[in-house]
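Residue numbers (our numbering), protein chains in the order written: chain A, 63 to 484; chain B, 63 to 484. Ideal Cβ placement from N, Cα and C applies to all residues, glycine included.
This is the structure we're talking about:
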């Protein structure tokens, strides 16, 4: 069975590496740069070390002409939103076209599987018609379509492909068997959904639920800050009830949790359901958190008698998530932008952030290492990287001036050390 | 140590029974009727059988004059909302006055403990000043105040007082020791919160989280109904992710989950925080669910060519929660009211509902038992009582006419049997 993985990012790349153990697999990405890096054994996602990568025997290409004659195509492309928050389905459409062209004339009855997060119905509405158009083949006669949502968690070593349940679904039974075989080589935990739409829905609601619950925690955190009780203390007490769900307040950036709700709200608008106040209520609150943090920063700076325009601020951590090198849609970089013209200086430091093209704008302000002789008027610990957890809090505090304006957003250290935490 | 439990409802009564095993306890309720019933060994909450009750040696009164000289007073009174959704603190105020009068002149340094759900800060703002006023005693000198939120779950036999963690908090340390001793006699799991406000917050957010998450499920259910996928199927698939939180759609009635969010939103308004869109978004969606169900009922009745005005409907289950006899704030009774004048007839049947004074309005429509010779144009199974689960679905279907309009709101039976489920 020859498999082709389309899209080699945080989802496609680990999938490629995992499938390579048992199958003849080729990875495809339109980015020549990515392919070059991989061929030089560099994993830009930071999940696999160069050393390990050298031991993996994989095959990658950016040439569409090399995509012919595969039995299975697994599509792992991004599903972001436009600035107006509408789903940007361009990657989905583009990859459907690429696959459509690739399977044209194929007699292999290929199976195309989508792993990207979409709204329920998207596979059938968007992908399948495009594939049919460019391949000139008929669904369930000359090719099959499946949906198996990715559940990749960059930065979390506890939950990887091999120990996470994989949902699979297909337009037809025999192709489902093929998918079972493929995905069973990765994880023993396979769950067959009733149909593609159900599988699509299952994935997108996971992230909607997370977004909403973090939003609730953020809202509570704003209330508790005002009435002067500690959010972590409250949550710890509440968690002693057997059915309390553990979430914590925080900035929701990245390209999943903060984006997926818009896919669902796009669908609800499309079908004329206007009662979707829950899904977007979460977004509204989470989008407000930057302002809440900045407001408190400015309030405390002024309270200490400092001039905003003269203050120097250090931000520790700016990836979208702990222990992950990805800076896309990082809320902390947004905070930086909001602060930049209002204060004298903002320095950024992150020991693991990927040196991405998205960082060009911030380049001048990024520190390669911390200079403990410098004093800042405020220090914001924004991301719970293991690197920071292992740091001595005294060392972090030594970067503050006498006012000790240390913002420990995620409550990494004991509450006595910081003036603000969510 | 002499203990007095004030308020003998779903919270106070099991507490009284539990404490009676180790302490000299008196239960107080202002309702003479309740006291009479208890003295005749009838438990109106339906949690303890007459037979068991006979074996418990307890002492109850409705005479305020008998409330003198106790070491500890535990207040378990309702905290409902007014029609305008503002907190109705009358029971809290009334009981604070009763306790204040009772401890007047006491040299025992009594501890007053509140178990009712309130907004954080309520104990200190409302209860303590009233107690000080009527007792003429000073807090932390002549009496102490503690907060220990109830976590009673009527109808759920798995989680009872003795296996649920009890949060305790107090205005002062020595009284905390007393509370530990008392509550340890009930459960081994004691959690000491940092202060009263933290304990108050921990309790109210448990229910807010639940309300919000059920609201999300309700919203998703409305979407999935429209795009014709099964909510249960989607949730089952999503639940295969390790961090998915399990909630299900449903009607949120009763006097906790549907009420407590208003306590928090009252606080946020009071402190001038207007960003509390999450808490009330949940309420809005959950309050809409009646309409959603009725809309679908009417749609299907009309679709089958029936006249609304001539249709006869049967509702199975009308307590606010499964396996619980409590009908207060039942959403199903609201549905009944909404249906009553629009259709020919609505019959109600619930095998375990308490014959409450709140039911007078519905009396004529309540069936004592089901008559399987009758045929209804639609049957709504509204509450997941064990009684219904154990019933043969064919028997329920035999109550429907040929159109088989069976609404299985909670998805008790296989989806093939019903035309609608949340």
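Should residue i go down as buried or exposed, given a rule of 16 or more other Cβ atoms within 10 Å for buried?
i, result
"residue 144 of chain A", "exposed"
"residue 430 of chain B", "exposed"
"residue 361 of chain B", "exposed"
"residue 344 of chain B", "buried"
"residue 435 of chain A", "exposed"
"residue 236 of chain B", "exposed"
"residue 271 of chain B", "buried"
"residue 367 of chain B", "exposed"
"residue 127 of chain B", "exposed"
"residue 333 of chain A", "exposed"
"residue 422 of chain A", "exposed"
"residue 288 of chain A", "exposed"
"residue 448 of chain A", "exposed"
Counting only Cβ pairs nearer than 7 angstroms, list the residues of chain E close to residue i.
i, result
"residue 333 of chain A", "Absent from the structure: chain E. Protein chains present are A and B."
Using the Cα positions of residue i and residue j, report the straight-line distance between them to the nearest angstrom.
i, j, result
"residue 180 of chain B", "residue 476 of chain A", "28 angstroms"
"residue 205 of chain A", "residue 211 of chain B", "59 angstroms"
"residue 365 of chain A", "residue 71 of chain A", "45 angstroms"
"residue 134 of chain A", "residue 432 of chain A", "48 angstroms"
"residue 104 of chain B", "residue 121 of chain B", "14 angstroms"
"residue 330 of chain A", "residue 285 of chain B", "7 angstroms"
"residue 379 of chain A", "residue 219 of chain B", "47 angstroms"
"residue 388 of chain A", "residue 350 of chain A", "22 angstroms"
"residue 416 of chain A", "residue 107 of chain A", "8 angstroms"
"residue 64 of chain B", "residue 384 of chain B", "36 angstroms"
"residue 254 of chain A", "residue 300 of chain B", "11 angstroms"
"residue 409 of chain A", "residue 239 of chain B", "49 angstroms"
"residue 266 of chain B", "residue 341 of chain A", "22 angstroms"
"residue 75 of chain A", "residue 295 of chain B", "30 angstroms"
With DSSP collapsed to three states, give me the class of residue i.
i, result
"residue 236 of chain B", "helix"
"residue 311 of chain A", "coil"
"residue 149 of chain A", "strand"
"residue 161 of chain B", "helix"
"residue 136 of chain B", "strand"
"residue 89 of chain A", "strand"
"residue 370 of chain A", "helix"
"residue 98 of chain B", "helix"
"residue 429 of chain B", "coil"
"residue 176 of chain B", "strand"
"residue 409 of chain A", "strand"
"residue 482 of chain A", "strand"
"residue 208 of chain A", "strand"
"residue 263 of chain B", "helix"
"residue 104 of chain B", "coil"
"residue 80 of chain B", "helix"
"residue 286 of chain A", "helix"
"residue 72 of chain B", "coil"
"residue 184 of chain A", "helix"
"residue 123 of chain A", "strand"
Under 7 angstroms Cβ-Cβ, which residues of chain A neighbour residue i?
i, result
"residue 400 of chain B", "By Cβ distance, chain A contributes nothing, its closest Cβ being about 17 angstroms from residue 400 of chain B, past 7 angstroms."
"residue 282 of chain B", "267"
"residue 444 of chain B", "In chain order: nothing, as chain A lies at least about 21 angstroms away."
Who are the neighbours of residue i on chain B, taking C-beta pairs under 9 angstroms?
i, result
"residue 382 of chain A", "Within 9 angstroms Cβ-Cβ: nothing; residue 382 of chain A doesn't reach chain B, min ~17 angstroms."
"residue 278 of chain A", "267, 270, 271, 274, 275, 340, 341 and 344"
"residue 415 of chain A", "Correct list: empty, because the minimum Cβ distance to chain B is about 24 angstroms."
What residues of chain A sit near residue i, judged by a beta carbon separation below 9 angstroms?
i, result
"residue 182 of chain B", "285, 286, 289, 291 and 296"
Can you name the residues of chain B whose CB is closer than 8 angstroms to the CB of residue i?
i, result
"residue 397 of chain A", "Per Cβ cutoff of 8 angstroms: no residues; residue 397 of chain A is ~18 angstroms from chain B at best."
"residue 306 of chain A", "268 and 271"
Going along chain A, which residues have a C-beta under 8 angstroms from residue i?
i, result
"residue 179 of chain B", "Neighbours of residue 179 of chain B on chain A: none; closest Cβ ~12 angstroms, over 8 angstroms."
"residue 330 of chain B", "285"
"residue 186 of chain B", "Neighbours of residue 186 of chain B on chain A: none; closest Cβ ~11 angstroms, over 8 angstroms."
"residue 57 of chain B", "Since the first and last residues shown for chain B are 63 and 484, residue 57 of chain B lies out of range."
Run down chain B in chain order and give the residues with a C-beta less than 7 angstroms from the C-beta of residue i.
i, result
"residue 299 of chain A", "229, 253, 255, 260, 261 and 264"
Using a Cβ-Cβ cut-off of less than 8 angstroms, list which residues of the segment 242 to 260 of chain B approach chain A; keep chain order. Those would be 251, 253, 255, 256, 257, 259 and 260, in chain order.
Residues of the segment 200 to 234 of chain B with Cβ closer than 8 angstroms to any Cβ of chain A, in chain order: Listed in sequence order: 213, 221, 226, 227 and 229.
Which residues, in order along the segment 473 to 484 of chain A, keep a beta-carbon less than 7 angstroms from a beta-carbon of chain B? Listed in sequence order: no entries.
Would you list, in chain order, the members of the segment 115 to 130 of chain A that have their beta-carbon closer than 9 angstroms to a beta-carbon of chain B? The segment 115 to 130 of chain A vs chain B, Cβ under 9 angstroms: nothing.
With 7 angstroms as the limit, tell me which residues of the segment 348 to 361 of chain A have their beta carbon closer than that to any beta carbon of chain B; keep them in chain order. Residues of the segment 348 to 361 of chain A that bring their beta carbon within less than 7 angstroms of a beta carbon in chain B comprise 350, in sequence order.
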